[in-house]
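S.K.:
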DNA sequence: CAAATTGTTTGGTGCCATACCAAAGATTAG
DNA sequence: CTAATCTTTGGTATGGCACCAAACAATTTG
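Residue numbers (UniProt numbering), protein chains in the order written: chain A, 1 to 140; chain B, 1 to 140.
Okay, structure coming up:
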């Protein structure tokens, strides 16, 4: 199993994986398109990419589902979002502000930085954007 | 004078402006290319863009210089980098780690977030990456 | 100061990420 | 089993960034 650096996927692809994790199981193209506000054809193409890279299994016309690897990444991505949002909220940003601010840059923050931040905050279990799990945290 | 949101320029363009501020005065294409490790032709094209957008004045074959607006942005960009690096250093990242981590995502952090973070840290004047000035800070 | 060297710009291309549209194909509902 | 509803394919587009080769300007030097 390769090490997660956190920088493997582009911002949009991170969004796809996070959504797939949230929905769980077999997810339809239309669901994704609605959530991410993109054309279904864009979703298909992105899913095809993610599939070729091993993050999801795609059964054409049926749906998509995370692979074990994809799930691992998705969990990290959600955690990263939550940790960063919690961090920013400590500097006076509201939950909503922190969340939307983080959404713009989270894809560019490494796992090693997240591990440090998480450890430094005492491995919090609740954030402003959702529960924080530490399965993907390397510095427990 | 328009409000700086902090999201106006792409990551690379932010680097150009920060370097121009550091060098001051008329800067040559080759200097920029060496600093940013890109082909001189890439530098020329980017500088042309920045010039058309009003951030720099470009005298072909002579050099580039920040406009008043460009300088204002560049100062904010440097400040943003310093504030974010200082923030991350508070979570156990070394100066170098904080600096390189921030370099990857700084272009996507808004001025309003920076103002909050800066205020919340008590408007520090010294960071891990350099001095911090507050001329561009809206929440003094 | 003219020729040679050096630095800069232009024009062409290419890649990645992202997006849309129209048309074709598959699935599902009636 | 046809009609409506996804979904996918193929084409095209944009922004950001990069390189190369060739043309052009400036500077150095003999």
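Using N, Cα and C, we set each Cβ at its ideal position, and we do this for glycine too.
Got a sec: is the Cβ-Cβ distance from residue 81 of chain B to anything in chain A below 9 Å?
M.R.: Here residue 81 of chain B corresponds to residue number 81 of the second chain, with the count starting at 1. It does not: the Cβ of residue 81 of chain B has no partner Cβ on chain A nearer than 9 Å.
S.K.: Where does residue 29 of chain A land, buried or exposed, given buried means 16+ other C-beta within 10 angstroms?
M.R.: Stepping through the first chain from its first residue, residue 29 of chain A is reached at position 29. That one is buried.
S.K.: How would you label residue 73 of chain B, buried or exposed, when you count the other beta carbons within 10 angstroms and need 16 or more for buried?
M.R.: The count along the second chain starts at 1 and reaches residue 73 of chain B at position 73. Residue 73 of chain B comes out buried.
S.K.: Which chain B residues are close to residue 91 of chain A, counting only those with a beta carbon under 7 Å from its beta carbon?
M.R.: Position 91 of the first chain, counted from the start, is the residue given in the question as residue 91 of chain A. Result: 116, 117, 120.
S.K.: Closest Cβ-Cβ distance between residue 113 of chain A and chain B: below 9 Å?
M.R.: To locate residue 113 of chain A, count along the first chain from 1; it is residue 113. It does; some Cβ of chain B falls within 9 Å.
S.K.: Hey, out of B:97, B:61, B:107, B:49, whose CA is closest to residue 80 of chain B's CA?
M.R.: What you label residue 80 of chain B is simply residue 80 of the second chain in a count that begins at 1. The option with the nearest alpha carbon to residue 80 of chain B is B:107.
S.K.: Would residue 77 of chain A count as contacting chain B if we go by Cβ distances under 9 Å?
M.R.: Position 77 of the first chain, counted from the first residue, corresponds to residue 77 of chain A. So, not an interface residue.
S.K.: Which residues in chain A sit within 9 Å of residue 109 of chain B, going by Cβ to Cβ distance?
M.R.: One-based indexing of the second chain puts residue 109 of chain B at position 109. 101, 104, 105, listed in chain order.
S.K.: Starting from the N-terminal side, write out each stretch of the alpha helix (DSSP H) that is 4 residues or longer and does not extend beyond the region 44-108 of chain A.
M.R.: With a minimum length of 4 residues, the continuous alpha helix (DSSP H) runs that stay inside the region 44-108 of chain A are 68-89, 95-105.
S.K.: By Cβ distance, which residues of its chain are closer than 7 Å to residue 25 of chain B, with the 5 residues on each side in sequence left out?
M.R.: On the second chain, position 25 is the one that residue 25 of chain B refers to. Excluding residues within five positions, the ones whose Cβ falls inside 7 Å are 65.
S.K.: With 9 Å set as the bound, which would you pick, yes or no: does the beta-carbon of residue 96 of chain A sit closer than that to a beta-carbon of chain B?
M.R.: Taking the first chain and counting its residues from 1, one reaches residue 96 of chain A at position 96. Residue 96 of chain A does not count as touching chain B.
S.K.: Helix, strand or coil: which one does DSSP assign to residue 131 of chain A?
M.R.: The residue you call residue 131 of chain A lines up with position 131 of the first chain. Strand.
S.K.: Would the region 96-107 of chain B and the region 29-38 of chain B be scored as touching if the rule is three or more Cβ pairs under 8 Å?
M.R.: Not touching, per the Cβ criterion.
S.K.: If you run the structure through DSSP and keep just helix, strand and coil, what is residue 14 of chain A?
M.R.: Numbered from 1 along the first chain, position 14 holds the residue referred to as residue 14 of chain A. Three-state DSSP puts residue 14 of chain A in a helix.
S.K.: Taking its Cβ as the centre, do 16 or more other Cβ atoms sit within 10 Å of residue 84 of chain B, making it buried, or is it exposed?
M.R.: On the second chain, position 84 is the one that residue 84 of chain B refers to. Under this definition residue 84 of chain B is a buried residue.
S.K.: Please confirm if residue 88 of chain A has its CB atom under 9 Å from at least one CB of chain B.
M.R.: What you label residue 88 of chain A is simply residue 88 of the first chain in a count that begins at 1. Interface residue, yes.
S.K.: Give the C-beta separation of residue 117 of chain A and residue 125 of chain A to the nearest angstrom, bearing in mind that I take them to be a contact with Cβ-Cβ under 8 Å.
M.R.: For the purposes of this step, residue 117 of chain A is identified with residue 117 of the first chain, where counting begins at 1. For the purposes of this step, residue 125 of chain A is identified with residue 125 of the first chain, where counting begins at 1. With a Cβ gap of about 15 Å, residue 117 of chain A and residue 125 of chain A do not count as contacting.
S.K.: Can you check DSSP and say which residues form a bridge with residue 126 of chain A?
M.R.: Taking the first chain and counting its residues from 1, one reaches residue 126 of chain A at position 126. Answer is A:131, bridged to residue 126 of chain A.
S.K.: Answer with yes or no whether the minimum CB distance from residue 7 of chain A to chain B is below 9 Å.
M.R.: Counting from one through the first chain, the residue named residue 7 of chain A turns up at place 7. At least one chain B Cβ lies under 9 Å of residue 7 of chain A.
S.K.: State the Cα-Cα distance for the pair residue 105 of chain B and residue 62 of chain B, rounded to the nearest angstrom.
M.R.: Position 105 of the second chain, counting from 1, holds the residue named residue 105 of chain B. Position 62 of the second chain, counting from 1, holds the residue named residue 62 of chain B. Taking the straight line joining both Cα atoms gives about 32 Å.
S.K.: Considering Cα atoms alone, identify which of A:59, A:78, A:67, A:90 is closest to residue 120 of chain A.
M.R.: Start at 1 with the first residue of the first chain, and residue 120 of chain A comes out as number 120. Checked all of A:59, A:78, A:67, A:90; the closest Cα to residue 120 of chain A is A:90.
S.K.: Quick one: residues in its chain with C-beta nearer than 7 Å to the C-beta of residue 21 of chain B, no 5 flanking neighbours on either side, listed in chain order?
M.R.: In the second chain, the residue the question calls residue 21 of chain B occupies position 21. The answer, listed in chain order, is 66, 71, 74, 75, 78.
S.K.: Could you give the first and the last residue of the continuous alpha helix (DSSP H) run that contains residue 35 of chain A?
M.R.: Along the first chain, one-based indexing puts residue 35 of chain A at 35. 29-36 is the extent of the alpha helix (DSSP H) around residue 35 of chain A.
S.K.: Smallest Cα separation from residue 88 of chain A: which of B:17, B:47, B:39, B:114?
M.R.: Along the first chain, one-based indexing puts residue 88 of chain A at 88. That would be B:114, whose Cα lies nearest to the Cα of residue 88 of chain A.
S.K.: Using 10 angstroms around the beta-carbon of residue 43 of chain A, count the other beta-carbons present and answer buried if the total reaches 16, otherwise exposed.
M.R.: Indexing the first chain from 1 puts residue 43 of chain A at position 43. Flag for residue 43 of chain A reads buried.
S.K.: Can you grab the Cα-Cα spacing for the pair residue 138 of chain A / residue 12 of chain A, in whole Å?
M.R.: Numbered from 1 along the first chain, position 138 holds the residue referred to as residue 138 of chain A. Numbered from 1 along the first chain, position 12 holds the residue referred to as residue 12 of chain A. Each residue's Cα considered, the two are about 25 Å apart.
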